[in-house]
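Trainee: I'd like to ask you about the structure that follows.
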Amino acid sequence: NKHFSFFQDIPYKYLNYPMANCRGYFKTKNSSYWFGANDGLYVSTKNSRNFKHYFLKNKNVERPIFFFIEDLMELNSELYLITLSSGRLPVIIDKSSGKILHRLSFSNSTLNPDSPINFKLLLKDDKERIWITSDHGLYQINLRNYKIEIPKIKINEDISRLNFYHIIKDLNNNIFISAHNPTGLLMINAEGDSATLYKKYFKDNKILNITDLNINKKGELFLFSEPFSFKFDINSKRFRRIGKGEKTNVLNHEWIRCGITDKDNVLFGYEGIGMIVFQENQDSIIKISKDNNIQSNRIYEFEKDDNGNIWAATGLGLIVLRPDTYQFVMSLNQKDGLIENNLGMYWGSAFKKLLSGDMFIGGHGFFTIFNPDSVLQKDIHVFKLKLESLTINGKVKHFDKIIDKKERIILNHNENDLLFEFANLDFNKKSNQKYKYRLIGYDDKWHLTTQNQLTFNKIPPGKYKLELGLVDGSGIKSLSIDVIPSWWQTWWFKLLLVIFLLGIVYFFISKRIEYIKDKEKLKSKYERKMLETEMKMLQSQMNSHFLFNTLNSIKNYIIKNETREAANYLTTFSGLIRNILNNSSQKFISLQSELEALEQYLNLELLRFDNKFKYEILIDDTIDVATVKVPPLLLQPFVENAIWHGLLHKDKKGKITIEIKKEKNQIKYIITDNGIGRK
């Protein structure tokens, strides 16, 4: 198509000098280009060409500039405004060539200080005014004449010597600027003509340094500082510390480098310990570090792209996290097209999102522009893993297969100590890549390693799936592994064994139950015999005692010549004796028969003691006396005891009450007398 393409992503030895003496090149299926040169092998990948690098040169001299580029602002579709370190004045460059077109100057000579000014960060407000911070006060840029001017701001303090750095505007166009030496916060109103410098809070709380500013979607201002961070309420003009809880006190750290808000959460970036997500509504934290996927614990700056993805500039390139979940998406470094891995510079990083949605990275004498959407669409099919060998119980078996193409590895039950050796065939990746792996069915948890060996010991029989991939999200490869069980480890053998053991247990339990039942039967039989014996003994004792007393009573009637009374007594006595003889020969009699014998006994005692007491028998209506069975002569001994020991010694006429009740499946006897009782 008669069109030239320039490979700007090819690494430059000593930053700005291209590779020497290219001898040849090769284009791969995924549009990567490999170049052979005298000093090594270079590659230009499809993804690395998404990064556009600018190497600053003077307008008329092809000599590179090595000053650090602090910040960049898009002026229009053709021009960039950038700030430089080491006391250099801001410049305007051409987007297409990267050449400097204009070097800004002060509006008049009186603005030149005794020492050079280090200009820092840029901001354009809603009135198209461009503000620029520096280590000697605050300035504005007039693009009509490319002059640097002192803004006309009403303030009660001299800010011309203050060291200003971070600058941000809120939803109402108020501008906030961090100040250093002394530490403070400068607030400029939306009109840009009045300002207030807040210093007391920082002095009282010994705030060392403000390392970042951020405005969330609610318009709240967050200040990230050392040793702790806080919010600024714009309405009340008050500061409030965040993360004071016992669980979140870890947020307080002297190495806080940056911060950003994400909905109701706040992300903190640290020098040396990674990043922490502060979930303010839950007062809890999530730690993200090299221990869980990210490649560097030095976090210099955060930015969000237009889709909400969170980008972090680190000591080893760029990291991308998903919003809300903060899961690792990918990492980018020199192998992916960056000029340098370390994106840090002193207290932070020259990394920001531009108004167009592109991202800017500043460096020494160069800067990089890239579109985050294009970078996130990188190809991942080039990731290939080769299984080189598998050591089984110390014996090495060599393979020459790409993982995912080998169908399955089948092992015997005793082949359970495994050592896998693999190779990454993606030569675009650096050699010390970090891998993540897990053996599903054995340990489903992901593990990290930088080695090309995986060891698993004492794997039980079963079906497993080995999953292996790069931590940077370049895809997951899998390999199926079957460890065949021996016959005694099969499911049918285990089932038979369980059935056999259950049978044995059932047999012993049945025998035990049978033994306990026989023992209970024997015990019940013994207790019944003992009860019958006791009843017979009691009956025999009672009968002899009763007969002796009754015969004495008849004798007294005869002596007194009371023949009628003697005859009545004798008739009742004979009926009672007949009932006693009939009942005592049986184990159980009807309750009716028992009560007839009891009434005969009571009538005899009434005659004998000259009606000295009366009696009453009360029976529940629910009791059928003809069918209910009871032991014979059960009530008579207790009634006799009540008469002899309770009523006979009473001066007045006594009364005995016999109640028969039914409670559930039992018959309950209650014998009550109003005798003298026992002391």
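Take 5 as the starting number for the sequence shown in our numbering and just add one per residue. For each residue, glycine too, the CB sits at the ideal point set by N, CA and C. On a predicted model such as this, the values are computed, not experimentally measured, just so you know.
#1: Evaluate T567 with the Cβ neighbour count: other Cβ atoms within 10 Å of its Cβ, from every protein chain shown; 16 or more gives buried, anything less gives exposed.
#2: Quick check on DSSP: helix, strand or coil for T453?
#3: Could you check whether the Cβ of G367 sits closer than 7 Å to any heavy atom belonging to the ligand ATP?
#4: Using only alpha-carbon positions, find the residue among D295, E600, T318, G312 that is nearest to K305.
#5: Among E82, E74, K235, L83, whose alpha-carbon lies nearest the alpha-carbon of L93?
#6: Give the range of the beta strand (DSSP E) segment to which D162 is assigned.
#7: I need the boundaries of the beta strand (DSSP E) containing G466, first residue and last residue.
#8: Look at G369 and F71 and say whether their C-beta atoms are less than 8 Å apart.
#9: Using only CA atoms, which one of N112, T494, I238 lies nearest to K222?
#10: Can at least three beta-carbon pairs, one atom from the segment 643-661 and one from the segment 673-680, be found at a separation below 8 Å?
#11: Which class does F613 belong to by DSSP, given the choice of helix, strand or coil?
#12: According to DSSP, which residues form a beta bridge with L142?
#13: Tell me whether D266 sits in a helix, a strand or coil according to DSSP, three-state version.
#14: Closer than 8 Å by C-beta to F168: which residues in its own chain qualify, once you throw out the five before and the five after it? Chain order, please.
#15: DSSP state of S567, grouped into three classes?
#16: Helix, strand or coil: which one does DSSP assign to H653?
#17: Which residues share a DSSP beta bridge with Q670?
#18: Taking Cβ to Cβ, would you say P327 is nearer than 8 Å to D266?
#19: Measuring CB to CB, does E603 end up less than 8 Å from L639?
#20: Comparing C-alpha positions only, which one of H170, E161, R165, S528 sits nearest to A199?
#21: Out of E471, N418, D98, which one is the CA nearest neighbour of S490?
#22: Spatial neighbours of N583 within its chain, please: CB distance less than 8 Å, with the 5 preceding and 5 following residues excluded, ordered by chain position.
#23: Does the beta-carbon of H385 have 16 or more other beta-carbons within 10 angstroms, so that it is buried, or is it exposed?
#24: Beta strand (DSSP E) containing E685: first to last residue?
#25: Which whole runs of the alpha helix (DSSP H) in the segment 320-397 are 4 residues long or more, in chain order?
#26: Determine whether the beta carbon atoms of D197 and K173 lie at a separation below 8 Å.
#27: Using the C-alpha atoms, what's the distance from P155 back to G312?
#28: Measuring alpha carbon to alpha carbon, tell me which residue in N587, S557, K665, T329 is nearest L637.
#29: What's the C-alpha gap between L585 and E644?
#30: Y274: which of E307, E230, I246, K241 sits nearest, CA to CA?
#31: Of all the beta strand (DSSP E) runs that stay within the bounds of the segment 182-209, which reach a length of 3 or more residues?
#32: Taking 6 Å as the limit between beta carbons, can you name the residues of its chain near D684, skipping five residues before and five after?
#33: With DSSP as the reference, please indicate the residues paired to S90 in a beta bridge.
#34: How would you call Y530, buried or exposed, if buried means at least 16 neighbouring beta carbons within 10 angstroms?
#35: Distance, Cα to Cα, Q455 vs Y439?
#36: Checking 8 Å against the spacing of the C-beta atoms, do E344 and G367 come in under that value?
Mentor: Taking the definition as stated:
#1: Exposed, because fewer than 16 other Cβ atoms sit within 10 Å of the Cβ of T567.
#2: In the three-state reduction of the DSSP assignment, T453 falls in the strand class, which pools E and B.
#3: No copy of the ligand ATP appears in this structure; indeed no ligand is present at all.
#4: A small fix is needed here, since residue 305 is Glu in this sequence, not Lys. Looking at the Cα atoms, T318 is the closest of the given residues.
#5: Of E82, E74, K235, L83, the residue nearest in Cα terms is E74.
#6: Element bounds for D162: n/a, residue is neither H nor E.
#7: First-last of the beta strand (DSSP E) with G466: 466-474.
#8: Their beta carbons are under 8 Å apart, which means G369 touches F71 by this criterion.
#9: With respect to the C-alpha of K222, the residue from N112, T494, I238 having the closest C-alpha is I238.
#10: Proximity of the segment 643-661 to the segment 673-680 meets the contact definition, three or more beta-carbon pairs being nearer than 8 Å.
#11: In the structure shown, F613 adopts coil according to DSSP, grouped into three states.
#12: T137.
#13: The DSSP-derived three-state label of D266 is strand.
#14: Within its own chain, the residues whose Cβ lies closer than 8 Å to the Cβ of F168, once the five positions on either side in sequence are excluded, are K124, T137, S138, D139, G141, L142, I181, S182, A183, H184, L190, listed in chain order.
#15: Sequence inspection shows Thr at residue 567; the Ser mentioned does not correspond to that position. If DSSP states are grouped into helix, strand and coil, T567 belongs with the helices.
#16: Residue state, collapsed to three classes: coil.
#17: E667.
#18: In this structure, P327 places its C-beta atom within 8 Å of the C-beta atom of D266.
#19: L639 is positioned such that its CB atom lies no closer than 8 Å to that of E603.
#20: It is E161.
#21: Residue N418 is the option with its Cα nearest to S490.
#22: Here the set comprises S597, E600, A601, Q604.
#23: Here H385 scores only 45 on pLDDT, less than 50, and its place in the model is too uncertain to base an answer on.
#24: The structure shown does not extend to residue 685, since the chain is modelled only from 5 through 683, so no value can be given for it.
#25: Runs of the alpha helix (DSSP H) lying entirely within the segment 320-397, each at least 4 residues long, are 376-380 in chain order.
#26: Against a cut-off of 8 Å, the Cβ pair of K173 and D197 comes out as no contact.
#27: Rounded to the nearest angstrom, the two C-alpha atoms are 34 Å apart.
#28: If we check each option's Cα against that of L637, N587 comes out closest.
#29: Those two C-alpha atoms are separated by around 18 Å.
#30: Y274 has its Cα closest to that of E230, out of E307, E230, I246, K241.
#31: For the segment 182-209, whole beta strand (DSSP E) runs of length 3 or above, ordered along the chain, are 188-192, 199-202.
#32: Because the chain here runs from 5 to 683, residue 684 falls outside it and cannot be looked at.
#33: Beta bridge pairing from DSSP links S90 with no other residue.
#34: That one is exposed.
#35: Per the coordinates, the alpha-carbon of Q455 lies some 8 Å from the alpha-carbon of Y439.
#36: Against a cut-off of 8 Å, the Cβ pair of G367 and E344 comes out as a contact.
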